[in-house]
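Here the sequence shown is numbered in the working numbering, starting from 940 and rising by one per residue.
Yeah, the Cβ is synthetic: ideal placement off N, Cα and C, and Gly gets one too.
The next block holds one structure in the form of structure tokens; read it before the comments.
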Amino acid sequence: MKSKLTSYLCAMTTVVLWAMSYIWADRLLDQNIPVEFFVPVRILLAGCILFLFNRITGQKMRLYRKDLLKFLLLALCLPFIYFVAETYGLKFTESPTITSLVIATNPIFAMFVGLLIFREKVTPVNAVGVFVTLAGLWLVTWKNGSTGDLFLVGILILFIAVASEVSQIAFTKSLSATYSPSVIVMYQFFFGAAFFLPLFFTRGLSQFSAPVYFSWPVIYPVLALALLCSATAFTTWAVAIKNLGVAHTSVFLAIVPLVTALIAFILGEETLSLLQWAGLAVGMIGIYLTQKTA
């Protein structure tokens, strides 16, 4: 029971930190800092932080040759493919709302992965809970708006992001029996940073300006993203996946946009309508149903 409670706390910690990541990333984008710059810097810093943590706490960091391919595929899926696909999907659809809704379909696919590959137990009530959670998300994020000319291309790219995220969860689960969560994430970030190098040295540094890039308004969000949203959040996420399983953990991803909206409201950056408050309540009910055991 104590282990399960800790796992739920880890999952919720991840959700809150990833919700905050949208706010910090948005501040960087407002300053025209390219994604190809701050994402590689963020994950490389996070990898270094986790290396120090693992060294200090005496974690076993040996990487077995038989697992090298899994680690490479893990890092290829997320952060590399996921962040690239999410960014261009948003660019082509020109709709943050639709982008968040497509990304939030992750639990549906992850549930099938959990059932078919890891033989996890999923009840009909759990399945209903996924759709209730998505309904709550729709209520929070729905609004009228236009879409881009390459809308369908954007949707296809977003589903590539979803597939990469589901694959990342599956690879993390398969490695969790051999490696500690913090070691898995450390290697994930180091390999992920390597995948990003071509984009970093071309597009990431194309408009580099030392006075801007080394200013506190840029350094602060990057450090927050590295320490909190990457090193901490991905480690707590790996703990949750290891103990709760793929299907039950992935549902928490659907409430990241809900928590983002709530945090933005608390910080005074957004206002929430009555419909959106209802969506938050529906989303919480959905999460409860997804975790309910028979």
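* Can you name, in chain order, every residue of its own chain whose Cβ lies under 7 Å from the Cβ of V1101, other than the five neighbours on each side? -> V1041, I1042, T1044, N1045, F1048
* For A1233, name the three-state secondary structure that DSSP assigns. => Low per-residue confidence applies at A1233: pLDDT is 49, beneath 50, and the placement is therefore not dependable, though the value from the model is reported in the following sentence. Correct three-state label for A1233: coil.
* Status (buried if at least 16 other CB within 10 Å, exposed otherwise) for E1025 -> buried
* Beta carbon of S946 nearer than 9 Å to that of Y1021 -> no
* Kindly indicate which residue of I988, V955, S1189 has the alpha-carbon position closest to the one of V1061. => S1189
* Asked: Does the separation of the CB atoms of K1231 and G1184 fall below 9 Å?
  -> no
* To do: Have a look at A958, V974, K943 and flag the residue whose alpha-carbon is nearest the alpha-carbon of F1135.
  => V974
* **Assigned secondary structure, K1060 (DSSP; H/G/I helix, E/B strand, else coil)** => coil
* To do: Just confirm the distance between the C-beta atoms of Q1107 and L1017, as a whole number of angstroms; I'd bet it's less than 8 Å.
  => 4 Å
* Can the beta-carbon of V1161 be found less than 9 Å from the beta-carbon of V1105? -> no
* To do: In the DSSP assignment, find the alpha helix (DSSP H) that holds L1002 and state where it starts and stops.
  => Here L1002 belongs to no alpha helix (DSSP H), and DSSP marks it neither H nor E.
* With contact counted as at least three CB pairs below 8 Å, one residue from each stretch, are the segment 1109-1123 and the segment 1006-1014 in contact? -> yes
* Which class does T1199 belong to by DSSP, given the choice of helix, strand or coil? -> helix
* To do: Could you tell me whether any Cβ in chain C is nearer than 9 Å to the Cβ of L956?
  => As a matter of chain content, chain C is missing from the structure shown, which is built from one protein chain.
* **Inter-residue Cα distance where the pair is I1180 and H1187** => 8 Å
* To do: Below 8 Å on the Cβ atoms is my guess for L1078 versus Q1215; work out the distance and round it to an integer in Å.
  => 7 Å
* Anticipated Cβ contact below 8 Å, S1169 with I982, distance rounded -> 6 Å
* Asked: How about G1218 and A1066: are their beta carbons less than 9 Å apart?
  -> no
* When F976, R1004, M959 are compared against T1141, the one with the closest alpha-carbon -> F976
* Three-pair Cβ contact test at 8 Å for the segment 953-966 versus the segment 1194-1206 -> yes
* To do: Whole angstroms is fine: what's the gap from A1242's alpha carbon to F1173's?
  => For the chain, the structure presents residues 940 to 1233; residue 1242 sits outside this window and is missing.
* To do: Would you kindly report the start and end of the unbroken alpha helix (DSSP H) that includes S1103?
  => 1090-1114
* Asked: If you drop the 5 nearest sequence neighbours on each side, which residues of the same chain put their C-beta closer than 7 Å to that of F1139?
  -> E975, F976, P979
* Asked: Alpha carbon to alpha carbon, what distance is there between T953 and F1130?
  -> 21 Å
* To do: Would you decide whether A1163 is buried or exposed? Buried here means 16 or more other CB atoms lie within 10 Å of its CB.
  => buried
* In three-state terms, what does DSSP make of G1207? -> coil
* Asked: Comparing alpha-carbon positions, which option in Q970, I1037, F1090 lies nearest S1148?
  -> Q970
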